[in-house]
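According to numbering that gives the first Met the number 0, the sequence shown is numbered sequentially starting from 0.
Read the structure below first, then the notes.
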Amino acid sequence: MTLTTPPRVLTVAGSDSGGGAGIQADLKTMLALGVHGMSVIAAVTAQNSLGVQGYWELPTEAVRAQLDSVLGDIGAQAVKTGMLASPALVETVAGVLAGLDVPVVVDPVGVSKHGDPLLAPEAVETVKTRLLPTATVVTPNLWEVAQLTGVKVEDESRMREAAEAILSLGPAWVLIKGGHLPGEPVDLLTNGTEEHRFTAPRHDNRHTHGTGCTLASAIASHLALGEEIPEAVRKAKEYVTGAIAHGFPLGAGIGPVDHAW
Ligand code: PLP
Numbered sequence: 000m001t002l003t004t005p006p007r008v009l010t011v012a013g014s015d016s017g018g019g020a021g022i023q024a025d026l027k028t029m030l031a032l033g034v035h036g037m038s039v040i041a042a043v044t045a046q047n048s049l050g051v052q053g054y055w056e057l058p059t060e061a062v063r064a065q066l067d068s069v070l071g072d073i074g075a076q077a078v079k080t081g082m083l084a085s086p087a088l089v090e091t092v093a094g095v096l097a098g099l100d101v102p103v104v105v106d107p108v109g110v111s112k113h114g115d116p117l118l119a120p121e122a123v124e125t126v127k128t129r130l131l132p133t134a135t136v137v138t139p140n141l142w143e144v145a146q147l148t149g150v151k152v153e154d155e156s157r158m159r160e161a162a163e164a165i166l167s168l169g170p171a172w173v174l175i176k177g178g179h180l181p182g183e184p185v186d187l188l189t190n191g192t193e194e195h196r197f198t199a200p201r202h203d204n205r206h207t208h209g210t211g212c213t214l215a216s217a218i219a220s221h222l223a224l225g226e227e228i229p230e231a232v233r234k235a236k237e238y239v240t241g242a243i244a245h246g247f248p249l250g251a252g253i254g255p256v257d258h259a260w
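Quick look at the structure:
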């Protein structure tokens, strides 16, 4: 019997004790897409369907040691970053990513759907100057676009301007997630010369916890499997659309997207 090693994908992010978002969503996505998922935990949240009750950052040495352990032995064909919480953690992770030669998908996590902050306000500048230049693809929602660039997208017409503002911070590609605009959701993917728009039917399902983490992890997984960026994003969108359609109630609040349908 020949034993084959699947592509390896690393998530550097926060833990969600409720299992719906963060590291837990990332690993579920990676399992579903057939890659080997690995996790460097940057912060631990106390979290359930009602929101984030608290979070604790890991010391930078602990994050650095996890990165060294994984990358020094196993290696990764793609990396995804999520909640990095503090300027020191963003700096530490960006420093390691800058020396890697694999695709990096940055989900510039700012606040949870419940409005709980997951990034210290003073870390926004570090995300802009240190993390975004390491990104192969960055996946902001409209709230994060405003936080990073000051551009407020109220309808589709300003999406390109927002994309240009993000690209000026140094990532190779940006995927602007327009899901919060009224009407049919449209996402814009561009590298400044090529442009792709993705639409998906809006599902009447409020159980969408973990959507952003799942999308970014699915993009990283498809890149590790060898897809080009537009196709990796298209397939990742397909995956997350299915996961949202099957999101289920959990606890008294907002339930998670489903990875096992
Ligand atoms: N918790 C963690 C650890 C996260 O990384 C994220 C999002 O990236 C969230 C919670 C928020 O998830 P959502 O906005 O889908 O509820």
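Built from N, CA and C at the ideal position, the CB exists for glycine as well.
All values derive from a computational prediction rather than experimental measurement.
Buried versus exposed, by CB contacts within 10 Å (16 or more), residue i
i	result
Lys-151	exposed
Asp-15	buried
Leu-49	exposed
Glu-143	buried
Gly-71	exposed
Met-0	exposed
Thr-125	buried
Ile-22	buried
Ser-220	buried
His-113	exposed
Ala-162	buried
Ile-218	buried
Ile-165	buried
Thr-3	exposed
Ile-243	buried
Ala-64	exposed
Arg-205	exposed
Ala-251	exposed
Pro-120	exposed
Pro-248	exposed
Gly-182	exposed
Asp-186	buried
Same chain, Cβ closer than 8 Å to residue i, neighbours up to 5 away in sequence not counted
i	result
Val-69	Leu-9, Met-37, Val-39, Ala-75
Asp-203	none
Thr-135	Pro-102, Val-103, Val-104, Pro-170, Ala-171, Trp-172, Leu-222, Ile-228
Gly-241	Trp-260
Residues that DSSP places opposite residue i in a beta bridge
i	result
Tyr-314	Within the shown structure, residues of the chain are numbered from 0 to 260, placing residue 314 beyond reach of any answer.
Glu-121	None, per the DSSP bridge assignment.
Leu-131	Beta-bridge pairing links Leu-131 to no other residue.
Lys-79	Thr-10, Val-104
Ser-111	Note: Ser-111 sits in no beta bridge, so no partner.
Ser-38	Thr-10
Ala-84	Leu-118
Ile-175	Leu-187
Asp-67	The partner list for Asp-67 (beta bridge, DSSP) is empty, contrary to what the question assumes.
Val-136	Val-104, Trp-172
Asp-154	None, per the DSSP bridge assignment.
Asp-15	Thr-44
Same chain, Cβ closer than 7 Å to residue i, five either side skipped, listed in chain order
i	result
Pro-184	Gly-177, Gly-178, Thr-198, Ala-199, Arg-201
Gln-146	Gly-109, Val-123
Pro-229	Leu-188, His-195
Pro-5	Gly-33, Val-34, His-35
Glu-226	Lys-234
Pro-276	Any property of residue 276 remains undetermined from this structure, which presents the chain solely from 0 to 260.
Cβ-Cβ separation, residue j to residue i (assumed contact under 8 Å), whole Å
i	j	result
Ala-42	Glu-56	5 Å
Ala-97	Thr-133	5 Å
Ala-77	Arg-129	About 20 Å separates the two Cβ atoms, so there is no contact after all.
Trp-172	Thr-189	7 Å
Val-11	Thr-80	5 Å
Ser-149	Met-82	One detail in the question is off: residue 149 reads as Gly in this sequence, not Ser. Contact flag wrong, Cβ pair sits at about 22 Å.
Val-89	Leu-174	Contact doesn't hold; Cβ gap of about 20 Å is too wide.
Ser-216	Ala-24	7 Å
Ser-131	Leu-168	Checking the sequence shown, residue 131 turns out to be Leu, not Ser. Contact holds; Cβ gap of about 4 Å.
Leu-280	Ser-111	The question about residue 280 has no answer here: the residues shown for the chain are numbered 0 through 260.
Val-51	Asp-115	4 Å
Spatial neighbours of residue i in its chain, beta-carbon cut-off 6 Å, leaving aside the 5 residues before and after
i	result
Asn-140	Lys-176
Leu-214	Ala-235, Val-239
His-245	Asp-257, Trp-260
His-208	Gly-19, Ala-20, Ile-253, Pro-255
Ala-61	none
Taking only runs of the beta strand (DSSP E) that begin and end inside the segment 179-257, which ones reach a length of at least 3 residues, in chain order?
Taken in chain order, the complete beta strand (DSSP E) segments of 3 or more residues contained in the segment 179-257 are 185-189, 194-198.
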